[in-house]
Ligand code: PLP
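Residue numbers (my numbering): 2 to 422.
Take a look at the structure:
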């Protein structure tokens with residue numbers, strides 16, 4: 002008889018410890034590869050983050066010894082997989098400061114979370130003449146789903162303007178709020194300007210008008226601790242892959258009292274209580290909003306990523322990233338012809354820039370030859386770039402494992418490009 006392979010242990014949460022970027026780098030195998038003959042300098046963290054071996058090993062352990070569908074099977078493997086999945090839900094709830102695990106819905110990522118809210122909450126709560134306020138700063142995934150549901154419900158999507166520094170114009174915001182406002186959809190950190198708006202204050206103001214607030218946390222969660230209860234957010238969305246976890250998994254938080262009123266947006270298995278041709282009844286939330294087989298291994302990976310990140314001192318990470326950002330801003334300012342977009346005092350480490358005489362695609366291509374990965378394009382934030390009269394820009398986005406030496410390499414390569422003409 003083959004020896005029984007025990008189920009892998011759940012990747013355990015560690016008490017928060019210290020933080021150095023070297024500790025983080027040691028855990029991330031991909032940071033030790035070369036690209037075009039140079040050590041990889043990964044400065045495309047706004048697009049996606051690299052994965053620690055703890056996440057990679059958790060995925061391998063799941064598929065090597067624990068793979069099963071969840072909830073439905075009455076066997077050991079199904080029970081174990083279900084436990085892991087629900088442990089993931091509890092970990093996400095604790096990570097976000099949510100009231101309970103049941104206030105977390107698993108989704109593919111931020112985009113799906115926003116679409117879920119638009120299609121479920123929006124379809125039942127928006128009507129002709131209602132306003133959805135959306136800052137010009139937003140990622141397309143926090144604009145287009147609102148435009149789609151607004152078209153169906155004859156509501157309006159109203160842009161909240163930006164000031165010259167790339168901050169949300171708070172006076173304009175206060176003026177736009179009215180009894181018509183049903184929803185304010187804001188990102189907690191901008192993927193293109195790095196701006197961190199005063200979300201807590203904006204949420205409190207929206208609530209005075211009875212509006213709900215959805216916070217897009219895609220660019221926030223990896224950089225600083227989040228507490229949805231303290232923020233007062235009605236909805237909060239994030240993507241695992243921007244948090245050192247696999248692609249295809251993310252989470253939506255919804256206030257329990259709101260979640261209880263939400264209608265299903267997709268039908269299928271897992272979200273029902275009973276199905277008959279005369280009558281179908283639904284499972285309670287969050288399962289109501291999770292039709293079909295979920296991304297089980299993704300949740301296992303997300304749990305491992307949260308445990309990895311929270312094993313460090315998160316305030317130390319935020320302080321380190323702030324210092325690295327200041328260093329990068331000063332170093333990049335020495336490159337002739339380089340302009341950094343946005344100057345909000347409160348920012349994550351995102352440096353979107355233009356370089357006189359070079360289009361963003363050429364800059365990215367040049368840097369890539371030196372093993373430096375940045376992003377060039379519209380960054381899925383065309384209205385934000387249009388605010389600066391631009392269609393495209395280059396973007397270096399930093400994470401906890403980046404170093405000042407990597408910033409120096411970026412700056413040196415940009416200088417060489419500028420000299421090459
Ligand atoms: N919101 C912001 C601020 C983002 O930066 C992104 C991705 O870049 C998204 C939403 C969409 O995330 P995803 O593509 O993982 O759904």
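Positions of the beta carbon are idealized from the N, C-alpha and C atoms, including for glycine.
Continuous alpha helix (DSSP H) stretch holding residue i: start and end
i, result
"residue 253", "Element bounds for residue 253: not the alpha helix (DSSP H) but the beta strand (DSSP E), 251-255."
"residue 150", "145-154"
"residue 414", "405-421"
"residue 183", "From DSSP, residue 183 is part of no alpha helix (DSSP H) but of the beta strand (DSSP E) over 182-188."
"residue 341", "Here residue 341 belongs to no alpha helix (DSSP H); instead the beta strand (DSSP E) covers 339-341."
"residue 363", "361-370"
"residue 112", "111-118"
"residue 172", "171-177"
"residue 195", "Unbroken run through residue 195: none, as it is neither H nor E."
"residue 41", "Unbroken run through residue 41: none, as it is neither H nor E."
"residue 391", "It is not in any alpha helix (DSSP H) - residue 391 carries neither H nor E in the DSSP assignment."
"residue 55", "54-66"
"residue 382", "From DSSP, residue 382 is part of no alpha helix (DSSP H); its letter is neither H nor E."
"residue 23", "22-27"
6 Å Cβ shell around residue i - same chain, five flanking residues per side excluded
i, result
"residue 225", "319"
"residue 4", "Note that residue 4 scores a pLDDT of 41, beneath 50, so its modelled location is shaky; the value from the coordinates is reported in the next line. Nothing meets the Cβ criterion."
"residue 69", "78, 79, 82"
"residue 384", "137"
"residue 347", "197"
"residue 315", "226"
"residue 140", "192, 381, 382"
7 Å CB neighbourhood of residue i in its chain, flanking five on each side removed
i, result
"residue 200", "187, 189, 216, 232"
"residue 162", "137, 170, 173"
"residue 293", "269, 270, 271"
"residue 415", "336, 339, 356"
"residue 97", "227, 229, 237, 254"
"residue 10", "Its pLDDT being 47, under 50, residue 10 is placed unreliably in this model, and the coordinates cannot settle the point."
"residue 239", "111, 218, 219, 222, 251, 252"
"residue 145", "none"
"residue 208", "233"
"residue 288", "271, 272"
"residue 105", "90, 93, 94, 99, 252, 254, 287"
"residue 45", "374, 375, 376, 398"
"residue 362", "377"
"residue 164", "170"
Cβ separation of residue i and residue j, assumed to be a contact under 8 Å, to the nearest whole Å
i, j, result
"residue 193", "residue 339", "Not confirmed; about 17 Å, so no contact."
"residue 409", "residue 332", "7 Å"
"residue 175", "residue 138", "Not a contact, Cβ separation roughly 17 Å."
"residue 257", "residue 101", "7 Å"
"residue 59", "residue 297", "At roughly 12 Å, the Cβ-Cβ gap does not stay under 8 Å, so residue 59 and residue 297 are not in contact."
"residue 149", "residue 301", "About 32 Å; that fails the 8 Å criterion."
"residue 53", "residue 245", "6 Å"
"residue 377", "residue 50", "Actually they are not in contact, since the Cβ atoms of residue 377 and residue 50 sit about 19 Å apart, beyond 8 Å."
"residue 344", "residue 167", "7 Å"
"residue 42", "residue 290", "Not confirmed; about 40 Å, so no contact."
"residue 360", "residue 313", "Contact doesn't hold; Cβ gap of about 38 Å is too wide."
"residue 381", "residue 142", "7 Å"
Extent of the continuous beta strand (DSSP E) to which residue i belongs
i, result
"residue 73", "Note, residue 73: premise wrong, no beta strand (DSSP E); not H, not E."
"residue 396", "394-398"
"residue 159", "157-161"
"residue 132", "132-136"
"residue 378", "376-378"
"residue 351", "351-356"
Cutoff 8 Å; reference residue i; Cβ partners in own chain excluding five residues on either side
i, result
"residue 341", "330, 333, 334, 352, 353, 354"
"residue 212", "134, 178, 182, 183, 184, 185"
"residue 87", "102"
"residue 328", "405, 408"
"residue 153", "124"
"residue 1", "Because the chain is modelled from 2 through 422, residue 1 falls outside the range shown and cannot be assessed."
Inter-stretch contact (C-beta, 8 Å, three-pair minimum) for the region 68-78 and the region 317-325: The region 68-78 makes no contact with the region 317-325, as fewer than three CB pairs between them are under 8 Å.
Cβ contact (3+ pairs, closer than 8 Å) linking the region 301-308 and the region 123-132: Flag = no, the region 301-308 and the region 123-132 do not touch.
Segment contact, 8 Å Cβ cut-off, at least three pairs: the region 32-39 with the region 367-375: With a cut-off of 8 Å, the region 367-375 and the region 32-39 count as touching, because enough Cβ pairs lie within range.
Secondary structure, beta strand (DSSP E): runs of 3+ residues fully inside the region 76-108: Listed in chain order, the beta strand (DSSP E) runs fully inside the region 76-108 are 105-108, counting runs of at least 3 residues.
Ranges of the alpha helix (DSSP H) found wholly within the region 282-331, counting only runs of at least 4: Here the runs fully enclosed are 297-311.
Three CB pairs or more closer than 8 Å across the region 398-414 and the region 151-160: With a cut-off of 8 Å, the region 151-160 and the region 398-414 do not count as touching, because too few Cβ pairs lie within range.
Contiguous beta strand (DSSP E) assignments of at least 3 residues, all confined to the region 201-285: Within the region 201-285, the complete beta strand (DSSP E) segments of 3 residues or longer fall at 213-217, 236-240, 251-255, 273-276, 281-283, listed in chain order.
The region 250-263 / the region 107-122 touching (three or more Cβ pairs under 8 Å): They touch, by the three-pair rule.
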